Structure formats: structure tokens, C-alpha cells
Amino acid sequence: MIGLYHTIQTGKGVFIHPSASIGQHVTIYDGVRIGANSVIGDYCTIGEPLHSFYTQENYIQSPTIIGANSLIRSHSIIYAGNQMDDYFSTGHRVTIRENNRFGSHNSIGTLSDIQGESVFGSYVRLHSSVHICQGSTLGNYVMIYPFVVFMNDRYPPTTHTKGPIVGDYTQVGVQSVLHSGVRIGENSLIGAQTSVHKDLAPFSFFSGNPGALIGDVRTIKDEMGNPLYPWPYRFDRGMPWSELGYDRWKEEK
Amino acid sequence: MIGLYHTIQTGKGVFIHPSASIGQHVTIYDGVRIGANSVIGDYCTIGEPLHSFYTQENYIQSPTIIGANSLIRSHSIIYAGNQMDDYFSTGHRVTIRENNRFGSHNSIGTLSDIQGESVFGSYVRLHSSVHICQGSTLGNYVMIYPFVVFMNDRYPPTTHTKGPIVGDYTQVGVQSVLHSGVRIGENSLIGAQTSVHKDLAPFSFFSGNPGALIGDVRTIKDEMGNPLYPWPYRFDRGMPWSELGYDRWKEEK
Amino acid sequence: MIGLYHTIQTGKGVFIHPSASIGQHVTIYDGVRIGANSVIGDYCTIGEPLHSFYTQENYIQSPTIIGANSLIRSHSIIYAGNQMDDYFSTGHRVTIRENNRFGSHNSIGTLSDIQGESVFGSYVRLHSSVHICQGSTLGNYVMIYPFVVFMNDRYPPTTHTKGPIVGDYTQVGVQSVLHSGVRIGENSLIGAQTSVHKDLAPFSFFSGNPGALIGDVRTIKDEMGNPLYPWPYRFDRGMPWSELGYDRWKEEK
Numbered sequence: 001m002i003g004l005y006h007t008i009q010t011g012k013g014v015f016i017h018p019s020a021s022i023g024q025h026v027t028i029y030d031g032v033r034i035g036a037n038s039v040i041g042d043y044c045t046i047g048e049p050l051h052s053f054y055t056q057e058n059y060i061q062s063p064t065i066i067g068a069n070s071l072i073r074s075h076s077i078i079y080a081g082n083q084m085d086d087y088f089s090t091g092h093r094v095t096i097r098e099n100n101r102f103g104s105h106n107s108i109g110t111l112s113d114i115q116g117e118s119v120f121g122s123y124v125r126l127h128s129s130v131h132i133c134q135g136s137t138l139g140n141y142v143m144i145y146p147f148v149v150f151m152n153d154r155y156p157p158t159t160h161t162k163g164p165i166v167g168d169y170t171q172v173g174v175q176s177v178l179h180s181g182v183r184i185g186e187n188s189l190i191g192a193q194t195s196v197h198k199d200l201a202p203f204s205f206f207s208g209n210p211g212a213l214i215g216d217v218r219t220i221k222d223e224m225g226n227p228l229y230p231w232p233y234r235f236d237r238g239m240p241w242s243e244l245g246y247d248r249w250k251e252e253k
Numbered sequence: 254m255i256g257l258y259h260t261i262q263t264g265k266g267v268f269i270h271p272s273a274s275i276g277q278h279v280t281i282y283d284g285v286r287i288g289a290n291s292v293i294g295d296y297c298t299i300g301e302p303l304h305s306f307y308t309q310e311n312y313i314q315s316p317t318i319i320g321a322n323s324l325i326r327s328h329s330i331i332y333a334g335n336q337m338d339d340y341f342s343t344g345h346r347v348t349i350r351e352n353n354r355f356g357s358h359n360s361i362g363t364l365s366d367i368q369g370e371s372v373f374g375s376y377v378r379l380h381s382s383v384h385i386c387q388g389s390t391l392g393n394y395v396m397i398y399p400f401v402v403f404m405n406d407r408y409p410p411t412t413h414t415k416g417p418i419v420g421d422y423t424q425v426g427v428q429s430v431l432h433s434g435v436r437i438g439e440n441s442l443i444g445a446q447t448s449v450h451k452d453l454a455p456f457s458f459f460s461g462n463p464g465a466l467i468g469d470v471r472t473i474k475d476e477m478g479n480p481l482y483p484w485p486y487r488f489d490r491g492m493p494w495s496e497l498g499y500d501r502w503k504e505e506k
Numbered sequence: 507m508i509g510l511y512h513t514i515q516t517g518k519g520v521f522i523h524p525s526a527s528i529g530q531h532v533t534i535y536d537g538v539r540i541g542a543n544s545v546i547g548d549y550c551t552i553g554e555p556l557h558s559f560y561t562q563e564n565y566i567q568s569p570t571i572i573g574a575n576s577l578i579r580s581h582s583i584i585y586a587g588n589q590m591d592d593y594f595s596t597g598h599r600v601t602i603r604e605n606n607r608f609g610s611h612n613s614i615g616t617l618s619d620i621q622g623e624s625v626f627g628s629y630v631r632l633h634s635s636v637h638i639c640q641g642s643t644l645g646n647y648v649m650i651y652p653f654v655v656f657m658n659d660r661y662p663p664t665t666h667t668k669g670p671i672v673g674d675y676t677q678v679g680v681q682s683v684l685h686s687g688v689r690i691g692e693n694s695l696i697g698a699q700t701s702v703h704k705d706l707a708p709f710s711f712f713s714g715n716p717g718a719l720i721g722d723v724r725t726i727k728d729e730m731g732n733p734l735y736p737w738p739y740r741f742d743r744g745m746p747w748s749e750l751g752y753d754r755w756k757e758e759k
């Protein structure tokens, strides 16, 4: 494809690695750093100023750091103050508000809406249309499915917010809601359309509205009687144990 | 930031107040009026023609009026025939179809989808991804949380639609559904993931799927035993009583 | 409106019918074919390359075919490998991933997210924000309402996926979830916020979370005692029987 012309706007203090590739109609605001081999799709905005930009004379823009080998698909908006480690990727039309910290190899699905001020481990996968409230904490290898909502206010509206905390390897099924401040232990499975209104121990299988503890995920078997969880023994696509197997990877780690 | 060049398209009969600011790659169709100090973000379309534009030779474009001090964030689409009073704001990628009437100080969250022909009071706040069907009525100080759906057809598909009516100060929790034609009284609280299938009196606390009346919101207390509702006594951010207090503001009003 | 300038990028092997109309800031990748009288809105991407474009040297782009009299509204993204028959239309910001096959007269609502590798009959209507997983099959005259999710993995994550199959004339209410591999017979009605976890016979009225069979749709009556289903006897807007009536149309067919 021949780029007829390129409408990229860049601000002050921007560093784009020479090996990175920037699409058409992209706006990059002050203080953005884009790592080696990263790709920014068309119509993206990187380093979007915070709301105070519109109201405060002395607005100061925080840096925005996108690691190497990242892929930001088209129409995405990333606010100032985010830090993404290497191999960060997004679907289309992702909105990421300010001051999140993402580990490496995160994948944020199309239309997901990250409200800001949250902490993500490594290898987190949000599928499409996930809504993460401010103040959330997600561990490593967490997977969240479409239309899940993380809430931070039990009796809205409030100024005392508290986001959920989700442990490593936990899976949260479509359209489930994590209520304000709940802690979900590692290796849990939350069914689809579930209301998670209380803390859950590791390895919980929890489902329904209102949600109820169904049992231990380690008792879930496939048709052949093989255990399905912990899932890293049967699924490794894009995971760091994909060549060694999960047990050996854990040992070496 | 230096704007390398500006790709704004404007139609006939457009009035943009000299103090307003228009972003990059914006399209403004015929008959749009943008008030003082308002900001239109990048990639927005204002005054989008109705479907009949594509099918009728004699299409007539209705005026689109955006009040003063408004902020339309990037990638938003506002159809012709809307009227927004002052201090209207949107998140990103909001879609607002034709012929709504918005009072002042409305805030429409990222990805919200307003189907048109609805009436909004003042100080209405829709959080992200709210879906408002045609023919809805929202009072003043109403707050709606992510993925809530307003429905207007009980046995789809139909041509006899009837939208919900929501009273002043009412809060509707995430992923709740308001069925066709329901009326929710003022000062009510609808829990998360709730099915609202019948009319509710003022001060109702209603929750669950199927939804059930839990009680009167005025009996909900915090850990110190203080009542949480009506909420204007404990929350005033961006509200007109923020300096006077709710009681005095009501008196003066 | 005067187009100040036009920023259309087109790739190799692109055919745009002379009667088609292309908006501003549109990108059309290699191998796209756009039929007579079709309209592509602003900020659209047609023929978006697959993920392997970023990782494989020898990436080959599949053709993308959009039939005649189609309307792709602004900000939509259509991946390579899709085939849409005539009278295809979308709302705004639709994302359609690779290799779907759409019959004629499909309408895909604003913000809908089609994950790819699925088969759609004719006259399918997805309202806003519908999520269709890979490997789904939708019959003719199917209507799906906002925030419905089609799932293809029962115990995530998995590589053995199986999408749902939905029969002709079936209606799926807002926020319902079709679990992996379920088959819904023709002429069924799924209520709002329903979990469809098992196969359903034709004419099923199924509702709730967990979902339960309420009865036969043919027993649902309006206030006058007239049957509401099958719905083609009472609704014909945009349907092929709109001039003949449903019975006569079926006979002639």
C-alpha cells in the first residue's frame, strides 16, 4: 500500500523508536515513548490528556510508555500516564484511561474500557468489551471474557471506591460482575453472567446470579475424565510454558 | 502541539462560536450550532444525517444544537436533530442518534449508545456503554451504570414501542435491564444485573433477576449506621448543591 | 457539503463500482471489491489484514467482497476474507473479523463485534453491541438484541471451540448468553438476560438465568388475545413479505 499522505501529529518530548510503525491519522501527544518494532494503527490517539487539561492552566502531562513489540490496533485511545511493558497488544477501539501499570504480554480486547489507576500483571488477556473500574488489581495469566464489569462502588454514587483483586490464572466468564472490593483467589473459575459479591478462595468454581460456590475447579473433568483445571496443563497458546510444559516451566522459574 | 494540518469539513448553515475549539479530522454537517467555549474532539461527526438522507431525494436536515461549555470527546457521532443544553459532555466513541433533548450538565459515558427520540433531564450521568432505546425519559440527577439497557419492546419485533421512564435521583446498577414502558419512581436504587419488569414506587431498592423489591432505600445504612440514601446528602461532586449542601440548595431553589 | 480534501488510501486489486460512494479518511486494503450504489462511511477500514500480516513474511490477503446497495456506517472495520451479499448494512463502529459469509439484507448494529469464521443467513438483524464468537451459525430472519453473547468455549480457555447454531426467525433478547455449541430451533424466543445452556426445540419460549423453558411461543397472546408468534404475521418492516403478507409470500416462494 502506498500511503498517499500521512497525518501524524506529534507533541513535545515524543520518542518513537525508528523501527516502530505509525498508521494514518494518528495523534501522539506530549511525553509519549514508543518502543522498538511496535505498531500503532490508524486513527489512534496516544497520550490523550487528562480531564484537568481542559480545566487547569498549569496542567502537567505525565509520560506514556509503550514497550517494544507492541501492537495497538486502530481507533484505540491511550491516555497519558500509562506504562505498558513489552509485547502489549490491543484490539480495535480500546480506551485506556490514565495511570495504569501493565506487565508484559498483556492483550486488551476490542472495545475494552479501562478506567485507569489499575495494576495488571503479565500475560493478562481481556477479551472484547471488558470494563475495568479504577483501582482494580489483576494478577498474572488472568483471562476476562466479554462484557465483564469490575465495580468499585457498592452503594453508588460514592467517593470511597475500592476495586476488585483477581488472583493469578483466574478466568472470569462473560457478563459477570465483580462487586466492589471482592478478592478472588488464584486459579478460580467464574461462570458466565455471575454476580461475585464475596471473597473467593483459590481454586473456586463460582457461578450464578446471585453467585454461589459450585465446588473446587480441580474436580471439573472433561468427557474422558481428565481434569480441566488448573488450565495451564491443557492450554499454552501464547503462554511462556508453551515449549517446556507447565510443570517444567514452573520448576525452571 | 502543532497541528500540521486541519481536516475539518463543514456544511451549510453551520455556526461555530469563535471561542469553541475543533479537533482534527472532524466532520460537521449542515445546520450545526456549537456554543461558546465548547470543545469537539478528533474524529467526531456532528450533525450526522438520518437514514432517510440515503433514501429520500428531498431529505431535510434538522438543526443540531450543542450548548456552551460542552466537551465532546474524540470519535463521537451526534446525529442531526439533537439539542444539548450547556455543559454537555461525552466520553469517547459515543453514538447519539436523532432528536433527543438533553437538559444542562449531562454527561454521557464512553461507548454509550443513545438510540434517539428521548428526553433527558439535567445533571444526568450515563457511565460507559449504556444503551438507551428510543422513547425513553430520564429525570434529573439520574445515574446509569455500564451496560444497562433500556428496552422498548416486550415481545420483539414490534412497531409499538414504549420506552422506560426514570424518576429524579434514581440510580441503575450495571448490566440491569429496564423493560418496555416501566416507570421507576424517584430516588430509587436498582442493583446490578437486575431485571426491572414492573413499575417501582419512589425510594424503591430493587434487585435481582428476576428483580424483587428488597425494601426502602432510606433503610440502607453504612457501617457507622448512617443512612446512605437519598444520596445527595453524601455526594455532591459536580452537583449544583456542592457549595450550599442539599437541604439549603433545595430551599433556595 | 464540500469535501475539502479526500484522504482515501487504496491497495492493490481493489475494485470500487463507479456508482459507489466512499467517505473521508477511509482505508481500503488489497483485494477489496465494493458493489454498485454502496456507501462506505468516514473513518472506515475495509479489508483489514489478519494478525498473520504482522508476523508472517508470506502473508496472503484474502478477497473482501461487499455486495451492491450496501451501507457501511462510519468508523467500521471489516477484515479481509469476508463476503457480504447485496443490501448489507452496518451501524457505526462495527468490527467484523475475517472469513464470515453473510447472506443478503443483513443489518449489523452499532458496536457489534463479529469474531469471524461464522455463517449468517439472509435478513439477519443484529442490534447494537452484539458479540458473535467464531464458528457461529445464524439462520434467516434471525434477530439478536443488544449485548447478547455467543460463546464457543464451555471451560475456558480452550482450543476446541464450538459456536452456537440459531434457527430461522428466532429472536434472542438483550444480554442473553448462548453457551458453546447450543442449537436453538427455528421460531424461538429467548427472553432478556437469559442463559441458554441447552438445545431448544423450534417454537421454544425460554427465559431466565439459569434459563428455563416457559412454553411454546405460539401460546403468547397480546391484550386482545391475538397470537404474537410466529412474528412474521405481525411484523414486516424491511422483510421480503412486506407487500404480499407472510402466507402468500411463503406460497410463492
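Protein chains in written order, with this note's numbering: chain D, 1 to 253; chain X, 254 to 506; chain L, 507 to 759. Don't be surprised by glycine CBs; every beta carbon is placed ideally from N, CA and C. Treat the numbers as computed from the prediction; the structure is a model and nothing was measured.
Within a Cβ cutoff of 6 Å, which residues of the same chain sit near residue i, ignoring the five residues on either side of it in sequence?
i	result
Ser-21/D	Val-39
Tyr-398/X	His-380, Gly-426, Val-427
Met-1/D	Bear in mind that a pLDDT of 25 at Met-1/D, under 50, signals an unreliable position, so the model cannot answer this.
His-598/L	Arg-579, Ser-580, His-581, Thr-616
His-637/L	Asp-619, Val-655
Phe-711/L	Leu-695, Ile-720, Gly-721, Val-723
Ile-77/D	Thr-45, Glu-48, Thr-95
Ala-542/L	His-523, Ser-525, Ala-574
Along chain X, which residues have their Cβ under 7 Å away from the Cβ of residue i?
i	result
Gln-175/D	Gln-428
Just confirm the distance between the C-beta atoms of residue i and residue j, as a whole number of angstroms; I'd bet it's less than 8 Å.
i	j	result
Gly-31/D	Ala-68/D	Not confirmed; about 18 Å, so no contact.
Phe-626/L	Asn-606/L	7 Å
Ser-433/X	Asp-406/X	6 Å
Tyr-535/L	His-581/L	That belief does not hold up - the Cβ atoms of Tyr-535/L and His-581/L are roughly 16 Å apart, past 8 Å.
Val-402/X	Phe-653/L	6 Å
Thr-64/D	Asn-82/D	5 Å
Thr-412/X	Arg-743/L	7 Å
Excluding the five sequence neighbours on either side, which residues of its own chain have a C-beta within less than 8 Å of the C-beta of residue i, listed in chain order?
i	result
Val-182/D	Pro-164, Ile-165, Val-196, His-197, Lys-198, Asp-199, Leu-200
Gly-509/L	With a pLDDT of 30 at Gly-509/L, under the threshold of 50, the predicted position of this residue should be treated as unreliable, though the coordinate-derived value follows. If we look at Gly-509/L and ignore the five residues flanking it on each side, its Cβ neighbours are Gln-530.
Asn-393/X	Gly-356, Gly-374, Ser-375, Tyr-376, Val-377, Asp-421, Tyr-422
List the endpoints of the continuous alpha helix (DSSP H) containing residue i.
i	result
Arg-286/X	It is not in any alpha helix (DSSP H) - Arg-286/X instead sits in the beta strand (DSSP E) that spans 285-287.
Glu-252/D	246-252
Phe-53/D	52-55
Name the chain D residues whose beta carbon is nearer than 8 Å to that of residue i?
i	result
Phe-240/X	A query on residue 240/X cannot be resolved here, the shown segment of chain X reaching from 254 to 506 and no further.
Quick one: what's got a C-beta closer than 7 Å to residue i's C-beta in the same chain, skipping five residues either side?
i	result
Ser-342/X	Ser-323, Leu-324, Ser-360
Met-404/X	Cys-386, Val-430, Leu-431, His-432, Ser-433
For a contact defined as C-beta to C-beta under 7 Å, what are the partners of residue i on chain L?
i	result
Asn-462/X	Gln-699, Asn-715
Ser-128/D	Asp-619, His-637
Tyr-408/X	Ile-726, Leu-734
Terminal residues of the continuous beta strand (DSSP E) containing residue i?
i	result
Tyr-332/X	330-332
Thr-298/X	298-301
Ala-718/L	718-722
Ile-319/X	317-319
Phe-203/D	Element bounds for Phe-203/D: n/a, residue is neither H nor E.
Could you list which residues in chain L have their beta carbon closer than 8 Å to that of residue i, in chain order?
i	result
Thr-170/D	Neighbours of Thr-170/D on chain L: none; closest Cβ ~11 Å, over 8 Å.
Thr-301/D	Past the edges of chain D, shown from 1 to 253, lies residue 301/D, and the structure says nothing about it.
Tyr-307/X	Val-545, Leu-577
Just to make sure I have the definition right: I need the residues of chain D whose C-beta is within less than 7 Å of the C-beta of residue i. Which are they?
i	result
Arg-490/X	Thr-159
(request) Could you run through the stretch 638-656 of chain L and flag, in chain order, every residue whose CB is less than 8 Å away from some CB of chain X? (result) Residues passing the 8 Å Cβ filter: Met-649, Tyr-651, Pro-652, Phe-653.
(request) Can you give me, in chain order, the residues of the stretch 74-106 of chain D that have a beta carbon less than 8 Å from any beta carbon in chain L? (result) For the stretch 74-106 of chain D, which is checked against every Cβ of chain L, the residues closer than 8 Å are Ser-74, His-75, Gly-91, His-92, Arg-93.
(message) If the cut-off is 8 Å on Cβ atoms, which residues from the stretch 212-233 of chain D count as contacting chain X, listed in chain order?
(response) Against chain X - using a Cβ distance shorter than 8 Å - the stretch 212-233 of chain D contributes no residues.
(message) Can you pull out the residues from the stretch 531-553 of chain L whose beta carbon lies closer than 8 Å to at least one beta carbon of chain X?
(response) Those would be His-531, Val-545, Asp-548, Tyr-549, in chain order.
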